[in-house]
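**Q**
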Amino acid sequence: MTLEQFTSLSDDELNRLAAEKVMRWDYREEVCQDYPYQGETLRNWIDQSGKCQSAAADWSPALDRVQSGWLLKAMAKRGAQIDVRFGEPDGSVDVWSADRKEPLVVPGNDARAETLAALLVAFAMEGKDNA
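This note's numbering puts the first residue of the sequence shown at 2, with every later residue one more than the last.
#1: By how many angstroms is the C-alpha of S55 removed from the C-alpha of D27?
#2: For A118, which residues from the same chain have a beta carbon less than 6 Å from its beta carbon, with the 5 sequence-adjacent residues on both sides left out?
#3: Is it true that the CB of M2 sits closer than 8 Å to the CB of F124?
#4: Which runs of the alpha helix (DSSP H) at least 4 residues long sit entirely within the region 19-96? Give them in chain order.
#5: Run through DSSP, which three-state label would L10 get?
#6: Going by DSSP, what residues sit across from V106 in a beta bridge?
#7: Taking the C-alpha atoms as reference points, what is the distance between D91 and N45?
#8: Is DSSP giving N131 helix, strand or coil here?
#9: Classify F87: buried if its beta carbon has 16 or more other beta carbons within 10 angstroms, exposed otherwise.
#10: Can A63 and D12 be called in contact, C-beta distance under 8 Å?
#11: Shortest alpha-carbon distance to D48 belongs to which of D65, D59, E21?
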């Protein structure tokens, strides 16, 4: 997908894609024993080990700067290089995968821009790391 295609998505759509493609979580309805909603059946994001990571209603990286930072951290662990630029007039989030010489540049430096950048690099790397 291109930046323009990602930009046209709603926050909810970006949140879902970020959980699936960046965090590699599955969306399931089940009882979680290891989440603050212990014992309740909720729609949850579950990691590859089967551990509940977030109630779906609480996952909103397109709006939450802490969660969008988790996305960037996850992509850095997979080999992406990330540069968040605050000092420029509008700022940007620049991301590279290992095989790129030029960054993918996402205008802005808010939670949505960070989420878009993480998704761009995740999709760019998808075929190379068996995501």
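The beta carbon of each residue, even a glycine, is placed where N, CA and C say it ideally should be. The model shown is predicted, which means the values in this text are computed figures rather than measured ones.
**A** Inspection of the coordinates gives the following:
#1: For D27 and S55, the gap between their C-alpha atoms comes out near 11 Å.
#2: V94, V96, V107
#3: F124 is a Cβ neighbour of M2, given a cutoff of 8 Å.
#4: Runs found: 66-78.
#5: Note: L10 maps to coil in three-state DSSP.
#6: D95
#7: 35 Å
#8: For N131, the predicted model reports a pLDDT of 36, less than 50, meaning its position is unreliable; a value from the coordinates is still stated below. Reduced to three states, the DSSP call for N131 is coil.
#9: exposed
#10: yes
#11: E21
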